[in-house]
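Participant: Have a look at the structure that comes next, please.
Numbering (UniProt numbering), first residue to last: 1 to 332.
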């Protein structure tokens with residue numbers, strides 16, 4: 001017969017409506033239901049923290065002050081030394097989730113993270129070589145463009161699943177709301193995380209390539225002479241005419257009449273940050289020719305990306321710093 005159970009922790013008794021036993025302090029949790037286990041743990045937590053209101057208020061004050069100071073420091077760092085700030089943020093965006101997902105055994109995320117890291121590390125290695133290979137701008141652009149499309153599609157799919165779940169459409173397919181919401185939020189996180197990470201790695205590769213890529217001399221004269229049917233970036237033949245629609249990629253002709261493979265000239269202009277013809281050095285109007293997939297489409301999306309960087313890269317560091325302060329001051 002069920003009775004009232006009193007949990008005694010550190011001399012404090014708590015009544016939580018659990019089955020009665022003669023020795024409450026020697027409770028066998030393995031024989032309790034999940035709800036009863038939660039009640040016991042809840043009682044123990046209350047007993048442990050009873051009378052610590054002043055300590056808790058001090059800990060909250062430390063947290064708020066640390067968050068404000070950290071935000072001011074990060075803003076000043078970003079404004080004064082943006083390059084080092086971006087590199088450190090990128091590194092933390094890359095490695096911080098690895099620690100938590102390994103600890104939580106999220107193998108699906110670890111698998112995708114490993115594949116992304118291996119390919120991106122190879123691409124980044126190629127982008128930082130001196131002298132830069134002719135095919136590298138094309139390779140860099142194609143990989144980060146593919147990553148952008150995959151992450152964008154995944155994010156849209158996740159957002160759609162979340163909205164369908166909120167409107168109850170998942171019930172039509174007999175899917176539990178919690179399962180549908182978990183799936184949608186996971187897709188949304190994957191899309192945003194790898195979208196931001198790929199965008200930042202593309203920016204880093206672009207900075208390296210912009211300082212090393214070049215196919216002309218200091219005087220502005222080309223260092224090599226190419227035929228009309230040869231791409232001036234990669235040096236490979238052009239198989240599709242400018243007026244034709246290509247199956248894999250098209251051919252572009254600049255205002256200087258030099259022709260290039262689509263991915264080669266995009267990699268040169270967008271990823272390589274070059275606003276001139278790679279052969280004759282004539283100025284190129286990039287905004288008129290190409291749309292950059294890494295451009296911020298509007299202010300709200302840019303703020304969302306900055307918030308995600310802060311949440312993934314800096315929030316765990318700040319919380320760890322707060323924990324260190326509490327430990328030094330003897331707060332629990």
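Every residue, glycine too, gets a C-beta built ideally from N, C-alpha and C.
My understanding is that residue 90 touches residue 318, with C-beta atoms under 8 Å, so please give their C-beta distance in whole angstroms.
Facilitator: Actually they are not in contact, since the Cβ atoms of residue 90 and residue 318 sit about 18 Å apart, beyond 8 Å.
Participant: Look at the alpha carbon of residue 307 and the alpha carbon of residue 244, and state the distance between them as a whole number of angstroms.
Facilitator: Computed Cα separation, rounded: 44 Å.
Participant: I'd like the list of long-range same chain contacts for residue 335, defined as Cβ closer than 7 Å, with 5 residues on each side in sequence excluded.
Facilitator: Outside the displayed range of the chain (1 to 332) lies residue 335, so it cannot be described from this structure.
Participant: For residue 155 and residue 195, which I take to be in contact (beta-carbon distance under 8 Å), what is that distance rounded to the nearest angstrom?
Facilitator: The pair is a contact, with the Cβ atoms about 6 Å apart (cut-off 8 Å).
Participant: For residue 190, which of helix, strand or coil comes out of DSSP?
Facilitator: Of the three classes helix, strand and coil, the one that applies to residue 190 here is helix, per DSSP.
Participant: State the beta-bridge partners of residue 237 as determined by DSSP.
Facilitator: DSSP output for residue 237 lists 230 as bridge partner(s).
Participant: Could you check if residue 390 is buried or exposed, using at least 16 other CB atoms within 10 Å of its CB as the buried criterion?
Facilitator: As displayed, the chain neither begins before 1 nor continues past 332, which places residue 390 out of reach and without an answer.
Participant: Consult DSSP for residue 130 and reduce its assignment to one of helix, strand or coil.
Facilitator: In this structure, residue 130 counts as coil in the three-state DSSP scheme.
Participant: Helix or strand or just coil, what does DSSP make of residue 68?
Facilitator: DSSP places residue 68 in helix when its eight states are reduced to three.
Participant: Residue 39 by DSSP, collapsed to three states: which one?
Facilitator: Helix.
Participant: Would you tell me roughly how many angstroms separate the C-alpha atoms of residue 83 and residue 117, rounded to the nearest one?
Facilitator: Their backbone Cα atoms lie some 21 Å apart in a straight line.
Participant: Is there a C-beta anywhere in chain B that falls below 8 Å from the one on residue 322?
Facilitator: Included in the structure is just one protein chain, with no chain B present.
Participant: Could you round the C-beta distance between residue 141 and residue 263 to whole angstroms and report it? I think they count as a contact, below 8 Å.
Facilitator: Their Cβ separation, rounded to whole angstroms, is 6 Å, which keeps residue 141 and residue 263 in contact under 8 Å.
Participant: Which value, in whole angstroms, describes the spacing of the CA atoms of residue 338 and residue 248?
Facilitator: Nothing about residue 338 can be read from this structure; the chain reaches only from 1 to 332.
Participant: Grab the span of the beta strand (DSSP E) containing residue 253 for me, first residue to last.
Facilitator: Residues 251-253.
Participant: To the nearest angstrom, how far is the alpha carbon of residue 309 from that of residue 115?
Facilitator: Distance between the alpha carbons of residue 309 and residue 115 is about 21 Å.
Participant: Using 8 Å as the threshold, is the segment 118-138 in touch with the segment 200-209, meaning 3 or more CB pairs across them?
Facilitator: A contact exists between the segment 118-138 and the segment 200-209.
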